[in-house]
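Residue numbers (our numbering), protein chains in the order written: chain A, 12 to 242; chain B, 4 to 599.
Put into structure tokens, the structure is as follows:
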């Protein structure tokens, strides 16, 4: 049997399996920690930094933190909330995000977080990067304008042989997600759908498929992100 | 191409964790790593092509297309600019007939920018096909291009005026000068290779660690972590296979001490690694050296071979049964962030140099997931001397919290740039005096990731408890435009060198650059300055030191040189703070209306 540990989040005593990911442990205890690059079931990366919390007073990403006995966690100080809002704003200003024309509107996590954090006008200079839309792949479209480089697709999507389909290219503010022509050659519709669903934004889309659910009736249109865990 | 790729991959046993070595060797042979070559490498290693490409495209010195028979990488650091780099660039371009970032039409000359190459005491400097050319002038640039076109070899282009000390060693033959201005007892005094090792083998690993702890040796890379504690963690970490890394990836602009130490006393560094291996229980050492210092390769390999012959490395070291330790060289390929220890480990594993999340720390899970110690070059030198002379001797030098000496790389506006080994506790004023600096406006302490201080703080001392530093001091004279010549250059540097993983580092640095450019152009507002300061809170949430310090050039100059910012802010209508030049933006319209 797994052993359970006691710890506190925002002063509330919590119980979770020892070694559980802090994001999941908080969720089980009814506390929402916003995430963006994190995705259940794939190795965490801690790159978007949105899930930063204070563990025993020190800033750490909750997706890469495991719970241990007696740890004190604060998830929601004014500074942390301001920081999260800033990260969301930075992501909007960094890429080219035109929600009204995006297939993912309503099921986009970045958009949903922007609503939750009441983002209006970003306080950061727009970069207006020149980015491509890649449509050579038979089943996938990669719209680099919307990519937030969270690496979910890199970490989570594998073909039948266990090989990666996606990888980073370049570095710094020029990083780009590349699709491998060989390993992605014969992917199934199901895998293409999985890649699209795993993408938190509208950067990976399936070809010849879209708008099955009308805008206005999608996941976050009905229910704000995180509200299933904590209002 | 096929044969070369196959042979190189065979040489490294088809091991994908040796991808850096594989790529470096193949590029040496083929000049670049083209799409076809990459596909072939991926196939031979049995990994996706995008995985090979993600490593290649991370590193500045890996080329996807030919970069010319002679590839010139001209340093564009702040100090190079101080020393007249712009005129050298213009001369190269005029003579070669192409701009920087391109190859001449005849394919002979490729001109490229590169970040600090560790020659700040002899700028402007460039790497040409891996060899260093220092103190360049427009005339010399012209001469070099003419020589390249006339079919001269690299050695002929270099000439025979080699630098001092081991720079003139037949295995080095570098035009580089050491400029050791002040010798201290820790690194640059006389030393008998092997003496410390012969003493070490009479001690237990616990005794060695206790001695290093008693001496309070702290890491010299800048963070100052206690070395003895690091070794103890690694020794206690479970596992048979452990690694000792020496971090010689000094990429902090203005820093060049490791280059000089590796040129003059590589034995000292290797001996320090072997001692670390003995203390930790590691058999494998890896010296990770930045690509810019590859001209030292043959020399360092020879030193290693000599030490093996003298049984100071290899099996049964210093006659001690069971003491096996050997060292290999690992070269980088141009990425500042690899100086961060976990990024360095990733790079040594053949991957992109993206820092890892901690925990786990490298001492628990490092290289190939095994317990790994990463120590700075200078730290390892200090350890050898501690073992030779004792903790008490070591503790006599320095200050309360900073024991021993520090090797400083001093550059910029002064008469005697170079290497100064001083005990901790010297003030900035002391260094300025020794270096012959006059009319100093500011000193950049610890490189761009450190802080920029003004005369009011020149009385502060170099020590972990006051001005902590990895060892670089860039002296900035009063004639310099601090914002344009220094802050903007450093900010661009951090933008280029971000690994791109953490959002605030990847995007915010470029955003800060936009705002600084706006201020320099005279369109900035007081709100812009306030924003830049506020962004400091955001960047500290990045994963690694690069991300956390990327805005330091801006933040520390706003703190210490606020009037320089205020003087450039827009002074028009006080109620209105424009983000751009309105008159210039509507110039065409005004002209059209006027002519109508």
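Ideal placement from N, C-alpha and C gives every residue a C-beta, glycine not left out.
Residue i lies in the alpha helix (DSSP H); which residues open and close that run?
i                      : result
residue 38 of chain B  : 38-48
residue 392 of chain B : 380-392
residue 454 of chain B : First-last for residue 454 of chain B: 454-456, but that is the beta strand (DSSP E), not the alpha helix (DSSP H).
residue 52 of chain B  : 52-59
residue 291 of chain B : Premise fails: residue 291 of chain B lies in the beta strand (DSSP E), 287-292, not in any alpha helix (DSSP H).
residue 94 of chain A  : 89-105
If you follow the beta strand (DSSP E) that residue i is in, where does it begin and where does it stop?
i                      : result
residue 424 of chain B : 421-426
residue 415 of chain B : 408-415
residue 78 of chain B  : 73-78
residue 70 of chain A  : 69-72
residue 3 of chain B   : Since the first residue shown for chain B is 4 and the last is 599, residue 3 of chain B is missing from the structure and cannot be characterised.
residue 154 of chain A : 151-154
residue 199 of chain A : Here residue 199 of chain A belongs to no beta strand (DSSP E), and DSSP marks it neither H nor E.
residue 185 of chain B : 183-185
residue 475 of chain B : 475-480
residue 329 of chain B : 329-334
May I have the straight-line CA-CA distance separating residue i from residue j, to the nearest angstrom?
i                      : j                      : result
residue 319 of chain B : residue 6 of chain B   : 39 Å
residue 175 of chain B : residue 131 of chain B : 15 Å
residue 40 of chain A  : residue 22 of chain A  : 12 Å
residue 459 of chain B : residue 472 of chain B : 18 Å
residue 280 of chain B : residue 247 of chain B : 6 Å
residue 145 of chain A : residue 68 of chain A  : 44 Å
residue 50 of chain A  : residue 168 of chain A : 12 Å
residue 496 of chain B : residue 554 of chain B : 11 Å
residue 160 of chain B : residue 262 of chain B : 23 Å
residue 327 of chain B : residue 8 of chain B   : 33 Å
residue 189 of chain A : residue 54 of chain B  : 9 Å
residue 372 of chain B : residue 187 of chain A : 27 Å
residue 598 of chain B : residue 589 of chain B : 14 Å
residue 15 of chain B  : residue 21 of chain B  : 7 Å
residue 339 of chain B : residue 254 of chain B : 5 Å
residue 239 of chain A : residue 126 of chain A : 15 Å
residue 192 of chain B : residue 212 of chain B : 24 Å
residue 241 of chain A : residue 76 of chain A  : 20 Å
residue 135 of chain A : residue 96 of chain A  : 11 Å
residue 316 of chain B : residue 298 of chain B : 23 Å
One question on the structure: do residue i and residue j come within less than 8 Å of each other, judged by their Cβ atoms?
i                      : j                      : result
residue 381 of chain B : residue 250 of chain B : no
residue 427 of chain B : residue 466 of chain B : yes
residue 54 of chain A  : residue 166 of chain A : yes
residue 273 of chain B : residue 27 of chain B  : no
residue 213 of chain A : residue 62 of chain A  : no
residue 227 of chain A : residue 106 of chain A : no
residue 290 of chain B : residue 330 of chain B : yes
residue 46 of chain A  : residue 25 of chain A  : no
residue 180 of chain B : residue 162 of chain B : no
residue 462 of chain B : residue 432 of chain B : yes
residue 278 of chain B : residue 200 of chain B : yes
residue 418 of chain B : residue 439 of chain B : yes
residue 402 of chain B : residue 424 of chain B : no
residue 552 of chain B : residue 485 of chain B : no
Any heavy atom of the ligand PLP closer than 7 Å to the Cβ of residue i?
i                      : result
residue 355 of chain B : This structure lacks the ligand PLP, and indeed carries no ligand of any kind.
Exercise. Examine the Cβ distances between the segment 347-355 of chain B and the segment 306-322 of chain B and report whether three or more of them are shorter than 8 Å.
Key: Touching, no.
Exercise. Say whether the segment 280-289 of chain B touches the segment 235-254 of chain B, bearing in mind that this needs 3 or more beta-carbon pairs closer than 8 Å, one atom from each stretch.
Key: Judged by Cβ distances under 8 Å, the segment 280-289 of chain B makes contact with the segment 235-254 of chain B, as three or more pairs qualify.
Quiz item: If contact means a Cβ-Cβ distance below 8 Å, which residues of the segment 494-515 of chain B contact chain A?
Solution: From the segment 494-515 of chain B, only 498, 499, 500, 501, 502, 503, 504, 505, 506, 507, 509, 510, 511, 512, 513, 514 have a Cβ closer than 8 Å to chain A.
Self-check item: Selection of the segment 98-109 of chain A by Cβ proximity to chain B, strictly under 8 Å
Solution: So the close ones are 98, 101, 102, 104, 105.
Quiz item: Is the segment 561-578 of chain B touching the segment 78-94 of chain A in the sense that three or more CB pairs, one from each, lie closer than 8 Å?
Solution: In short, these stretches do not touch, since the Cβ pair count stays below three.
Quiz item: Does the segment 521-530 of chain B come close enough to the segment 365-374 of chain B to have 3 or more Cβ pairs within less than 8 Å?
Solution: These segments do not touch.
Exercise. Say whether the segment 508-527 of chain B touches the segment 535-547 of chain B, bearing in mind that this needs 3 or more beta-carbon pairs closer than 8 Å, one atom from each stretch.
Key: Touching, per the Cβ criterion.
Self-check item: Chain-ordered residues of the segment 34-67 of chain B with a beta carbon less than 7 Å from chain A
Solution: Per Cβ criterion, the list reads 51, 52, 53, 54, 56, 57, 60, 61.
Quiz item: Which residues, taken in chain order from the segment 539-559 of chain B, show a beta carbon closer than 8 Å to some beta carbon of chain A?
Solution: Among the residues of the segment 539-559 of chain B, those with a Cβ less than 8 Å away from any Cβ of chain A are 540, 541, 543, 544, 545, 546, in the order of the chain.
Practice problem: Could you list the residues in the segment 172-199 of chain A with a C-beta less than 8 Å from some C-beta on chain B, going in chain order? | Solution: Answer set for the segment 172-199 of chain A: 174, 175, 176, 177, 178, 179, 180, 181, 182, 183, 184, 185, 186, 189, 190, 191, 192, 193, 194.
Practice problem: Taking 8 Å as the threshold, find out whether the segment 71-88 of chain B comes into contact with the segment 103-113 of chain B through three or more Cβ pairs. | Solution: In short, these stretches touch, since the Cβ pair count reaches three.
Self-check item: Meets three-Cβ-pair contact criterion under 8 Å: the segment 129-146 of chain A and the segment 60-67 of chain A
Solution: When C-beta atoms of the segment 129-146 of chain A are compared with those of the segment 60-67 of chain A, fewer than three pairs fall below 8 Å, so the two segments do not count as touching.
Quiz prompt | Positions along the segment 345-375 of chain B whose CB lies within less than 8 Å of some CB in chain A | solution = Within the segment 345-375 of chain B, the residues whose Cβ lies closer than 8 Å to some Cβ of chain A are 355, 360, listed in chain order.
Exercise. Return the residues of the segment 108-137 of chain A that lie within a Cβ-Cβ distance of less than 8 Å from chain B, sorted by chain order.
Key: Look at the segment 108-137 of chain A: the residues with a C-beta under 8 Å from a C-beta of chain B are 134, 135, 136.
Quiz item: Taking a cut of 7 Å between CB atoms, which residues from the segment 58-69 of chain A lie near chain B?
Solution: Cβ contacts with chain B: 58, 59, 60, 63.
Self-check item: Residues of the segment 4-23 of chain B whose Cβ lies closer than 7 Å to any Cβ of chain A, in chain order
Solution: Listed by position, the residues of the segment 4-23 of chain B near chain A (Cβ gap below 7 Å) amount to none.
Quiz prompt | Interface positions of the segment 516-528 of chain B facing chain A (Cβ-Cβ less than 9 Å), listed along the chain | solution = Against chain A - using a Cβ distance shorter than 9 Å - the residues of the segment 516-528 of chain B are 517, 518, 521.
Quiz prompt | Given 8 Å, three or more beta-carbon pairs between the segment 116-123 of chain B and the segment 78-96 of chain B | solution = Using a C-beta cut-off of 8 Å, the segment 116-123 of chain B makes contact with the segment 78-96 of chain B, since at least three inter-stretch Cβ pairs fall below that distance.
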